[in-house]
Amino acid sequence: MNASQLAEFEAKIRARLEELAEDSAAGQDAQAVVELDQQAVGRLSRMDALQNQAMAKAQQANRNLEMRRLQSALQRMEDWEYGFCEDCGEDIPAGRLNLDLAASKCVSCASG
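In this text, residue positions in the sequence shown follow my numbering: the first is 1063, and each later residue adds one.
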């Protein structure tokens, strides 16, 4: 992988991290504690609110996982290990990296 390709992937990773940070900030309200007020909200509405809260927390967990993977990819770039399989050391094709910016294994090692 040449320097321009590496810079392109780095820009994509940083842009994705910004998107995830914005999504996390926007989703904070949905994760808030659901108030128990039977006068204002019926039982089914409260159940819907609890389900929405659970989904928002799950989405945040997925965003956190993706952000950790992308931060790890940036660290591999700094260590000049980005684009190489962490198991066999072979090049990871650019097509695979375009699909998963944080891929750390080639297809054959990832599939086991």
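Think of the CB as a built atom: it goes at the ideal place given N, C-alpha and C, for glycine as much as any other residue.
DSSP three-state assignment for residue 1153, whether helix, strand or coil: As a position in the sequence shown, residue 1153 is number 91, starting the count at 1. Here residue 1153 sits in strand by DSSP.
When the Cα of residue 1131 is compared with those of 1081, 1155, 1072, 1164, which residue comes out closest? Numbered from its first residue, the sequence shown carries residue 1131 at position 69. Nearest option by C-alpha distance: 1164.
Taking buried to mean at least 16 other C-beta atoms within 10 Å of its own C-beta, is residue 1112 buried or exposed? Translated into the one-based positions of the sequence shown, residue 1112 becomes position 50. Burial call: exposed.
Give the straight-line distance between the Cα atoms of residue 1140 and residue 1076, rounded to the nearest whole angstrom. The residue you call residue 1140 lines up with position 78 of the sequence shown. The residue you call residue 1076 lines up with position 14 of the sequence shown. Cα to Cα, the separation comes out at about 14 Å.
Exposed or buried, residue 1083, counting other C-beta atoms within 10 Å across all chains shown (16 or more means buried)? The residue given as residue 1083 occupies position 21 in the sequence shown. With fewer than 16 Cβ atoms within 10 Å of its Cβ, residue 1083 is classed as exposed.
Pick from 1110, 1167, 1154, 1160 that is closest to residue 1073, judged by C-alpha positions: For the purposes of this step, residue 1073 is taken as the residue at position 11 of the sequence shown. The candidate whose alpha carbon is nearest that of residue 1073 is 1160.
Looking only at DSSP bridge pairs, what is residue 1200 linked to? A question about residue 1200 goes unanswered here, because the residues of the chain that appear run from 1063 up to 1174.
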